[in-house]
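K.L.:
Numbering (my numbering), first residue to last: 249 to 326. The structure is given below, and queries will be raised subsequently.
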Amino acid sequence: MTGHNFARAADIPHDVPVTIAFGDNDRILPAPRFQVRDYAPDHARWEVLWRCGHAPMWDVPPLTIQLIRETAARARTP
Numbered sequence: 249m250t251g252h253n254f255a256r257a258a259d260i261p262h263d264v265p266v267t268i269a270f271g272d273n274d275r276i277l278p279a280p281r282f283q284v285r286d287y288a289p290d291h292a293r294w295e296v297l298w299r300c301g302h303a304p305m306w307d308v309p310p311l312t313i314q315l316i317r318e319t320a321a322r323a324r325t326p
């Protein structure tokens, strides 16, 4: 998450599930410069995707689908 672009992320209500995923080989938004948890909501799930670059939907499609489904399921579960 990059500074001012996500300055209001902390305002996301706790009942709205958030998953933030980064590829461990992301050359566009590399750690630690861009993977700053300080800007994420406290309740965010943080995932580092192994053997993945900047586009998880291409690099690890099944895992990307799984993360989206898990996040959506948390929205339906009180």
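Ideal placement from N, C-alpha and C gives every residue a C-beta, glycine not left out.
Please tell me whether TRP294 and ARG281 are closer than 8 Å, where the distance is taken between their beta carbons.
P.N.:
Against the sequence shown, residue 294 aligns to sequence position 46. Against the sequence shown, residue 281 aligns to sequence position 33. Not in contact: TRP294 and ARG281 (Cβ atoms no closer than 8 Å).
K.L.:
In this structure, what does DSSP give as the bridge partners for VAL296?
P.N.:
Position 48 of the sequence shown, counted from the first residue, corresponds to residue 296. The partner list for VAL296 (beta bridge, DSSP) reads PHE270.
K.L.:
Could you check if PRO309 is buried or exposed, using at least 16 other CB atoms within 10 Å of its CB as the buried criterion?
P.N.:
Taking the first residue of the sequence shown as 1, we reach residue 309 at position 61. So PRO309 ends up on the exposed side.
K.L.:
Counting C-beta neighbours from all protein chains within 10 Å, is the total for ASP272 16 or more, i.e. buried, or is it exposed?
P.N.:
The residue you call residue 272 lines up with position 24 of the sequence shown. Burial call: exposed.
K.L.:
From ILE313 to ASP274, what does the alpha carbon distance come to, in whole angstroms?
P.N.:
Taking the sequence shown and counting its residues from 1, the one referred to as residue 313 is at position 65. Taking the sequence shown and counting its residues from 1, the one referred to as residue 274 is at position 26. Cα-Cα distance, rounded: 19 Å.
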